[in-house]
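Engineer: Chains as they are written, first to last, in the numbering used here: chain A, 1 to 134; chain B, 135 to 268; chain C, 269 to 402; chain D, 403 to 536.
The structure's right below; bear with me while I get my questions together.
Protein chains: 4
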Amino acid sequence: MSTASEMLRTYPKDLGGIDQAKLSECIAACIECAQACTACADACLSEDMVAELTKCIRTNLDCADLCAATANVLSRHTGYDANLTRATLEACRSACASCAEECESHADMHEHCRICAAACRRCEQACAELLASL
Amino acid sequence: MSTASEMLRTYPKDLGGIDQAKLSECIAACIECAQACTACADACLSEDMVAELTKCIRTNLDCADLCAATANVLSRHTGYDANLTRATLEACRSACASCAEECESHADMHEHCRICAAACRRCEQACAELLASL
Amino acid sequence: MSTASEMLRTYPKDLGGIDQAKLSECIAACIECAQACTACADACLSEDMVAELTKCIRTNLDCADLCAATANVLSRHTGYDANLTRATLEACRSACASCAEECESHADMHEHCRICAAACRRCEQACAELLASL
Amino acid sequence: MSTASEMLRTYPKDLGGIDQAKLSECIAACIECAQACTACADACLSEDMVAELTKCIRTNLDCADLCAATANVLSRHTGYDANLTRATLEACRSACASCAEECESHADMHEHCRICAAACRRCEQACAELLASL
Chain A
1 MSTASEMLRT YPKDLGGIDQ AKLSECIAAC IECAQACTAC ADACLSEDMV
51 AELTKCIRTN LDCADLCAAT ANVLSRHTGY DANLTRATLE ACRSACASCA
101 EECESHADMH EHCRICAAAC RRCEQACAEL LASL
Chain B
135 MSTASEMLRT YPKDLGGIDQ AKLSECIAAC IECAQACTAC ADACLSEDMV
185 AELTKCIRTN LDCADLCAAT ANVLSRHTGY DANLTRATLE ACRSACASCA
235 EECESHADMH EHCRICAAAC RRCEQACAEL LASL
Chain C
269 MSTASEMLRT YPKDLGGIDQ AKLSECIAAC IECAQACTAC ADACLSEDMV
319 AELTKCIRTN LDCADLCAAT ANVLSRHTGY DANLTRATLE ACRSACASCA
369 EECESHADMH EHCRICAAAC RRCEQACAEL LASL
Chain D
403 MSTASEMLRT YPKDLGGIDQ AKLSECIAAC IECAQACTAC ADACLSEDMV
453 AELTKCIRTN LDCADLCAAT ANVLSRHTGY DANLTRATLE ACRSACASCA
503 EECESHADMH EHCRICAAAC RRCEQACAEL LASL
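As structure tokens, then:
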């Protein structure tokens, strides 16, 4: 069991009707994606053709910021606010979709973009599934 | 002229049709609100009646995370993505509205909540105006 | 292989003499600890005895911020600056040690503190080992 | 009076012997520097000669992360831990010094680097003064 799942399990009050498996998966996906995007931005910076990767770097940085914020929001359960959770997940899903698309367009040439794109798609999917379950 | 405005002025490429005054104001409002919320969460923690302020602390922390992420997204202009900017601003506006409402309900008793609520309302308004101008 | 390790493996330039296993482990430990601390702060907020956990919540929040920043710094390799990496790891180790100590003092009563303390100790150890290898 | 100073003024408990003017200035400097670095990284990305600015972008991103974390740590006063504050300020000062030096080397060519370097030097100085006063 991951630490994130353990923290969820030991939360002292009722978690409400939320789907804990989907929540736990979405937190893990956000965290993984934030790190992958931070690393992909840096890997792009070190490519000789960095000038052709500037949009990718920018999208990576936005996606990392939104995934990190979303992981934090999802890790809190006290005084739950469904509207805020929904708006945050929508923004995160949008960032992941943009970043996945951008990274996929470089995936043939840059393996870090391929791996990052996959992390973005997993996170986009996890956000969509959690949104659908709210 | 603030440093954020100076950074905007010296961006080397075209900023597109964006309203620079509204953009600059929104960045400043996000940054101010993120700090106020971080400090308000901590001030609430030090109140004797902290047990009645737990929802306020949680909302403060969410709002701080979203304002910080939004300030970052708005500070980038390379490879601008209107959809992502919009979704981010919506989430930030939602967080600011929730936090303002919560802090306002404690404003009579706690001056830090009154000041924080005002920062949240300014940021909510700045997000709304920037959204309307996109 | 974790996504963080895969991103390390696909970095396009030389990583220098750094111990990749220790680096990869430290990134993972920072990310895990940041999430655990964010969740532990929130779990403490929901305890009936929150008034006795305010120092724990504050330390959790500091530790989460420093672990997140450290994970980001360690995920970048372009233009590596050993002094900055060292100072960042020192701050993170200090935060993890403080938070572990604080959480351990509540571990008998609160399982989330016990789990969080273990994540802090793992991260403190990973920072120390990476520091020793630099 | 800035919002950060107002939040400091309305903190409900004793702030200890800390120099409030220096603290308030350091919070403001960290926040300003974090935003300037985020914007400078993006401005560098949009320069035609981005390939010569990759170390600058990386240092900007590290500095932004550390300044943001430091602003958060300094905005909290509950359960104050002098060791952690000191280690955090040391890391922030180190990041600001590195970033200032890097940006200064491009300041003649890129106005955004000149403005960002000045923000980094202000923050480096504010951290040093707060450290000296602790």
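For every residue, glycine included, the Cβ atom is placed at its ideal position computed from N, Cα and C.
Owing to the predicted nature of the structure, the values given are computational and were not obtained by experimental measurement.
Distance, Cα to Cα, B/GLU236 vs C/PRO280?
Structural biologist: If I take the Cα positions, the gap works out to 48 Å.
Engineer: Could you check the C-alpha separation between B/ARG199 and C/THR306 for me, to the nearest Å?
Structural biologist: What sits at residue 199 of chain B in the sequence shown is Asp, not Arg. About 12 Å.
Engineer: Within its chain, find whatever has a CB closer than 6 Å to the CB of A/ASP62; leave out the 5 residues flanking it on each side and keep chain order.
Structural biologist: Result list for A/ASP62: ALA95, in chain order.
Engineer: For a test of the three-state rule: what should DSSP assign to B/LEU268, helix, strand or coil?
Structural biologist: Looking at B/LEU268 - three-state DSSP - the assignment turns out to be coil, as it is neither helix nor strand.
Engineer: With B/LEU142 as the anchor, note down where its alpha helix (DSSP H) starts and where it stops.
Structural biologist: From DSSP, the alpha helix (DSSP H) with B/LEU142 extends over 137 to 143.
Engineer: Would a C-beta distance cut-off of 9 Å place C/CYS301 and C/CYS388 closer than the cut-off?
Structural biologist: Contact flag set, yes.
Engineer: Verify the CB distance criterion: does B/THR188 have a CB-CB separation below 9 Å to chain C?
Structural biologist: Interface residue, yes.
Engineer: Given that C/ASN340 touches chain D, what residues does it touch there, using C-beta distances under 7 Å?
Structural biologist: Those are ASP467, listed as they occur along chain D.
Engineer: Would you kindly work out how many angstroms separate the C-alpha atoms of C/ALA368 and B/SER180, rounded to a whole number?
Structural biologist: Approximately 21 Å, taken between the alpha carbons.
Engineer: Classify C/ASN328 as buried or exposed, calling it buried when 16 or more other Cβ atoms lie within 10 Å of its own Cβ.
Structural biologist: So C/ASN328 counts as buried.
Engineer: Please work out which residues of its chain come closer than 7 Å, Cβ to Cβ, to A/SER5, disregarding the five sequence neighbours upstream and downstream, and give them in chain order.
Structural biologist: Hits under 7 Å: SER24.
Engineer: Assuming A/GLU90 and B/ALA225 form a contact by the criterion Cβ under 8 Å, report the distance between their Cβ atoms to the nearest whole angstrom.
Structural biologist: Rounded, the Cβ-Cβ distance is 7 Å, consistent with contact.
Engineer: Grab me the residues of D/ALA431's own chain with a C-beta within less than 6 Å of its C-beta, minus the 5 sequence neighbours each way, in chain order.
Structural biologist: Within the same chain, D/ALA431 has close Cβ partners ARG524, CYS525, ALA528.
Engineer: Using a C-beta to C-beta distance shorter than 8 Å, which residues of chain A count as neighbours of D/SER500?
Structural biologist: Those within 8 Å of D/SER500 in chain A number zero; the least Cβ separation is about 16 Å.
Engineer: Between D/MET451, D/THR412, D/GLY418, which has its C-alpha nearest D/MET511's C-alpha?
Structural biologist: Among D/MET451, D/THR412, D/GLY418, the Cα nearest to that of D/MET511 is on D/MET451.
Engineer: Taking B/VAL184 as part of the alpha helix (DSSP H), name the residues at either end of that continuous run.
Structural biologist: That residue, B/VAL184, is in no alpha helix (DSSP H); it is neither H nor E in DSSP.
Engineer: If you measure between the beta carbons of A/LEU68 and A/ILE31, is that distance less than 9 Å?
Structural biologist: Reading the sequence as shown, one finds Ala at residue 68 of chain A and not Leu. Yes. Within cutoff.
Engineer: Excluding five sequence neighbours on each side, which residues of the same chain lie with their C-beta closer than 6 Å to the C-beta of C/ILE325?
Structural biologist: Closer than 6 Å at the Cβ level, and outside the excluded window around C/ILE325, lie ALA309, CYS312.
Engineer: Please classify A/THR78: does DSSP put it in a helix, a strand, or coil?
Structural biologist: Three-state DSSP puts A/THR78 in coil, outside helix and strand.
Engineer: Flag A/ASP42 as yes if its beta-carbon sits less than 9 Å from any beta-carbon of chain B, otherwise no.
Structural biologist: No, no contact with chain B.
Engineer: For C/THR278, decide whether its Cβ has a neighbour in chain D, counting only Cβ atoms nearer than 9 Å.
Structural biologist: Chain D contact via Cβ: absent.
Engineer: Is there a C-beta anywhere in chain D that falls below 9 Å from the one on A/SER105?
Structural biologist: Judged by the 9 Å Cβ criterion, A/SER105 is not in contact with chain D.
Engineer: Please say whether A/LEU15 and A/HIS77 have beta carbons closer to each other than 9 Å?
Structural biologist: Yes. Within cutoff.
Engineer: Rounded C-beta distance between D/ALA453 and A/ALA51? I'm assuming under 8 Å.
Structural biologist: About 6 Å; that satisfies the 8 Å criterion.
Engineer: Within 10 Å of its beta-carbon, does A/LEU134 have 16 or more other beta-carbons around it, so buried, or fewer, so exposed?
Structural biologist: Per the 10 Å Cβ criterion, exposed.
Engineer: D/ILE429 versus chain B: which residues are under 9 Å apart at the beta carbon?
Structural biologist: GLN169, ALA173, listed in chain order.
Engineer: Sort B/ALA241, B/SER209, B/ARG220 by Cα distance to B/THR144 and report the nearest one.
Structural biologist: Looking at the Cα atoms, B/SER209 is the closest of the given residues.
Engineer: According to DSSP, is B/ASP153 helix, strand or coil?
Structural biologist: The answer is coil: DSSP assigns B/ASP153 none of H, G, I, E or B.
Engineer: Between the Cα of A/ALA82 and the Cα atoms of A/GLY17, A/ALA117, A/SER105, A/SER2, which residue gives the shortest distance?
Structural biologist: Out of A/GLY17, A/ALA117, A/SER105, A/SER2, A/GLY17 has the C-alpha closest to the C-alpha of A/ALA82.
Engineer: Mind pulling the chain A residues with CB within less than 7 Å of D/LEU447?
Structural biologist: Residues of chain A passing the Cβ test: THR54, ILE57, ARG58.
Engineer: Quick check on C/HIS374: does DSSP put it in helix, strand or coil?
Structural biologist: Three-state DSSP puts C/HIS374 in coil, outside helix and strand.
Engineer: For B/ASP148, name the three-state secondary structure that DSSP assigns.
Structural biologist: Note: B/ASP148 maps to coil in three-state DSSP.
Engineer: If we define contact as Cβ-Cβ less than 9 Å, is D/LEU463 a contact residue for chain C?
Structural biologist: Yes - at least one Cβ of chain C is within 9 Å of the one on D/LEU463.
Engineer: Which residues of the segment 206 to 228 of chain B have a Cβ closer than 7 Å to any Cβ of chain A? Give them in chain order.
Structural biologist: Listed by position along the chain: ASN206, VAL207, ARG210, THR212, GLY213, ASP215, ASN217, LEU218, ALA221, THR222, GLU224, ALA225, SER228.
Engineer: Of all the options C/GLY347, C/CYS384, C/GLU397, which has the alpha carbon lying nearest to the alpha carbon of A/THR3?
Structural biologist: Measuring from the Cα of A/THR3, the nearest candidate turns out to be C/CYS384.
Engineer: Are the Cβ atoms of D/ALA438 and B/MET135 separated by less than 9 Å?
Structural biologist: No, the pair does not count as a contact, with Cβ atoms beyond the cut-off.
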